[in-house]
Each structure stands twice: as C-alpha cells, then as structure tokens.
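If you're matching positions, the sequence shown starts at 1 in the numbering used here and goes up one per residue.
Backbone N, C-alpha and C define an ideal beta-carbon position, used for all residues, glycine too.
Keep in mind the model is a prediction, meaning the values are calculated, not measured.
What follows is one structure encoded as structure tokens, with my remarks underneath.
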Amino acid sequence: MKILYFAWVREKIGKAEEVVDLPAGVETVAGLVAWLTQRGSEYAEAFARPGVVRAAVDQTHVQPTASIKGAREIAFFPPVTGADMGVRVQSKDFEIGAEVAGLTAGRTDIGAIVTFTGTVRAENDGSTIAGMTLEHYPGMTEQELARVEAEAAKRWPLQASLIVHRVGALKPGDNIVLVVTASAHREAAFERPRS
1 MKILYFAWVR
11 EKIGKAEEVV
21 DLPAGVETVA
31 GLVAWLTQRG
41 SEYAEAFARP
51 GVVRAAVDQT
61 HVQPTASIKG
71 AREIAFFPPV
81 TGADMGVRVQ
91 SKDFEIGAEV
101 AGLTAGRTDI
111 GAIVTFTGTV
121 RAENDGSTIA
131 GMTLEHYPGM
141 TEQELARVEA
151 EAAKRWPLQA
161 SLIVHRVGAL
171 KPGDNIVLVV
181 TASAHREAAF
191 ERPRS
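Structure (structure tokens):
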C-alpha cells in the first residue's frame, strides 16, 4: 500500500511517501496510524495529537474509523488552517453526503451546514456542450484553493469547511466543484460559499 505524507506531517516523518506491507489486523485508518507510530519516534511525533492529522483513502477524505481494505493509497495531511479546513483536487467524483459526514462526524459545535455543488451544463450561450476537460497545475491549484479557504477563515467564523474540485474529462451533469461550510450559526455558513 502506498502512503503519502503532506506538509508538516511529511516534515516530521522525513519522507513524502512510502510503500508498506501491512500486517494482518490493520484494517482501518486508526489501525494504520497505531501501526505507524510503532515504527519509530518520527511517526509517533507526527501522529501525537489524535484528530489533528487528516486522512484520505484513495483521494476521499475519511474518518479514523474508515476501512482501508483494498485501498491503493492513503494520504495523511494537516488541516489547512485555523478551523478544520480542507482542499482537494481530484479526478474521481465525490459523494456529497459522504463528504459532509466526513467533515462533521463527531462534531457538536456545528449548528449550520451549507453545501454548494457546481456541475457541467449541457448548454452555454446557446451552444451544446458534449463535455469538457479541466486541467490543473498540481500544487499551484491546491495552493490557490487553500488561499481562498484561508481568506474565508479570516472573514467568517467557520468551524469547518471543504473545497473539492475535479479535474479531467467531464460530461454534462457531472459534478465539478463542492464547497461545504459548517459553522455554529447559519449566517457564516451561508456567506462563505457565496464568496
């Protein structure tokens, strides 16, 4: 299984990625973290604060209880800033309910959740659209989305937020972008997706 480490998680562990053979019994993200922390002090330090490091299984944000059976890739990364914030660029589709559940699981400080989903239209200015291909500059795209996310955190009191942007070949009706905001009160949750 391939494991990716980002930002300060990478810095503490000392590598960006590795391929490991998991022992029998390691079946969840939490189990993987427990196994990794036994591999050395650098891992123990990176995962010392439970709940701070986020995880994605095959490019989908998940909770620590998520299964890793059959997964090809696990990524570990910190929240973007301040609130529990996340940014992902990916080719595969997202499931809105699963993304909301992953962002808000176990949270009792959230009183409002707002989602915005952008999709591919079949028509634009009177012309039919058969499909579109969205390209991105890896690293720079994520940084720009993270900048937008950080600006939002300065303007509104959010408990959590997430931006997922798809790339690659898309057809009419396909999801392109998802913005999820969660706050204690509805005003902040509604205002962030509008910006």
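Asked                                                                                                                     : Found
Straight-line CA distance for Tyr-5 to Lys-15?                                                                            : 7 Å
Expressed to the nearest angstrom, what Euclidean distance is found between the alpha-carbon atoms of Glu-144 and Gly-40? : 34 Å
Distance check for Thr-108 and Val-179, CA to CA, integer angstroms please.                                               : 20 Å
Can you tell me whether DSSP reads Arg-49 as helix, strand or coil?                                                       : coil
Count Cβ pairs between the segment 63 to 79 and the segment 21 to 36 that sit closer than 8 Å; are there 3 or more?       : yes
Which complete beta strand (DSSP E) runs does the segment 119 to 195 hold, if anything under 3 residues is left out?      : 132 to 134, 158 to 166, 168 to 170, 175 to 183
So, Ala-160 versus Thr-115, is the Cβ gap smaller than 8 Å?                                                               : no
Could you check the C-alpha separation between Trp-156 and Gly-86 for me, to the nearest Å?                               : 16 Å
From which residue to which residue does the alpha helix (DSSP H) around Thr-37 run?                                      : 29 to 37
Whole-angstrom Cβ separation of Ala-184 and Ile-110, contact assumed at under 8 Å?                                        : 7 Å
Using a 10 Å radius around the Cβ and a threshold of 16 neighbouring Cβ atoms, would you call Val-80 buried or exposed?   : With a pLDDT of 48 at Val-80, under the threshold of 50, the modelled position of this residue cannot be trusted, and the question is left open.
Could you tell me the distance, in whole angstroms, from the CA atom of Ile-3 to the CA atom of Val-19?                   : 6 Å
Please classify Thr-60 as buried or exposed, where buried requires at least 16 neighbouring CB atoms within 10 angstroms. : buried
Does Ala-55 come out as helix, strand or coil in the three-state DSSP assignment?                                         : strand
Helix, strand or coil for Ser-67 per DSSP?                                                                                : strand
Select from Trp-35, Val-26, Ala-46, Pro-23 the residue whose C-alpha is nearest the C-alpha of Gly-11.                    : Strictly speaking, residue 11 in this sequence is Glu, with Gly absent from that position. Among Trp-35, Val-26, Ala-46, Pro-23, the Cα nearest to that of Glu-11 belongs to Ala-46.
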